[in-house]
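Engineer: Residue numbers (the working numbering): 103 to 217.
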Amino acid sequence: MIGDTLPILHDEAHEPDLSAEDGLSDVPQIQLVNSIIVQASEEGASDINFLPQKEALVARIRVDGMLREVERIPRQHASRVVTRIKVLAKLDVAEHRLPQDGRFSIRDELSRVVS
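#1: Would you check if the distance between the CB atom of I208 and the CB atom of I139 is smaller than 8 Å?
#2: Go through the segment 154-184 residue by residue and report every complete run of the beta strand (DSSP E) that reaches 3 residues or more, in order.
#3: Which stretch, first to last residue, makes up the alpha helix (DSSP H) that contains A142?
#4: Taking buried to mean at least 16 other C-beta atoms within 10 Å of its own C-beta, is L159 buried or exposed?
#5: What is the C-beta distance between H179 and Q131, in whole angstroms, given that I count them as a contact (C-beta under 8 Å)?
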């Protein structure tokens with residue numbers, strides 16, 4: 103997933119539930135991904151970009167055409183974070199060699215679609 107961008111788009115057919123009752127919502131990496139998504143939405147970001155680097159996975163958001171770093175995720179947590187993103191975007195979790203492009207929408211507390 104080198105430099106993959108996940109646009110935040112309106113697509114009601116593929117809306118993930120960020121507060122899933124699967125018993126995993128308290129896992130730190132899932133909370134981290136959820137907080138990055140919520141922050142991006144609150145700031146009006148058009149997309150979220152995850153860039154793997156030697157020592158960390160860098161999360162960036164694009165607001166008004168400018169990419170801004172919001173989080174540096176230690177390399178040892180990167181695979182769990184990437185898996186969470188792939189699950190939300192309904193991508194092939196087993197694919198590691200080929201780039202994948204995915205997207206998803208979320209609903210806010212008032213059940214409005216955040217795009």
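Note that beta-carbon positions come from the ideal geometry of N, C-alpha and C, so glycine has one too.
Structural biologist: With the given structure in hand:
#1: yes
#2: 158-165, 168-176
#3: 130-144
#4: buried
#5: 6 Å
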